Amino acid sequence: MVEAARDLFLAQGYGATSLHVVDTSIAGDAEPVATMDREWFRSACAEPTAAGQLRAHVRGVRDILGRVAPIMPLIAAAAATDPEIAAQWPAGPDPRYTVQYAAAKVLTSKSDARPGIDTARAADLLYGMLSPELYLIFVRDRGWSPEAWEEWACAALTAQLCTDRE
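Heads up, the sequence shown is in our numbering, so the first residue is 507 and it goes up one at a time.
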């Protein structure tokens, strides 16, 4: 399905590919389940430590970015030039930020969260460092493996958001 979505975007243009197909690509299946209700997200938030939550969260995001990051520039370009596609794009806060804020809220409540880091700052760090754009810079442009990106993102976020104790 993901390959079909990419192929449609590339071969037939944006209009031939519905946002439902894109949503399926992002989620990895056709189930109408929000990210925050998915098992990987709930399991990550249930980790007893902030460091453990970050490891599980970054892994889940990596799985999603591996599917969706390559088509995000196409979607953004389509939305910028096609009012019909722009109208289908969610209005209001970026859904990615909403997910990262929810993760940050749980993370900052854990005993090994870095003192002084509030939920908004943690959400900003998660949102920026786990963005499709940054993922593509490292994986597509610089040739990193998805595993190397995951290791780096986890280490960088752990250094920013967690104490040395776990």
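Every residue, glycine too, gets a C-beta built ideally from N, C-alpha and C. All values reported here derive from a predicted model rather than from experimental measurement.
In the DSSP assignment, the residues bridged to C668 are A619. By the neighbour-count definition (other C-beta atoms within 10 Å, threshold 16), D543 is an exposed residue.
With a cutoff of 7 Å on beta-carbon distance, E656 and V564 are scored as near each other. Cβ-Cβ separation between L663 and L631: approximately 6 Å, consistent with a contact (criterion under 8 Å). Per DSSP, reduced to three states, the secondary structure at R544 is coil, with no helix or strand assignment. A check of alpha carbon separations from T604 across A626, P579 and S617 identifies A626 as the nearest. Measuring C-alpha to C-alpha distances from P576 to each of E590, E639, S615 and W658 identifies E639 as the nearest.
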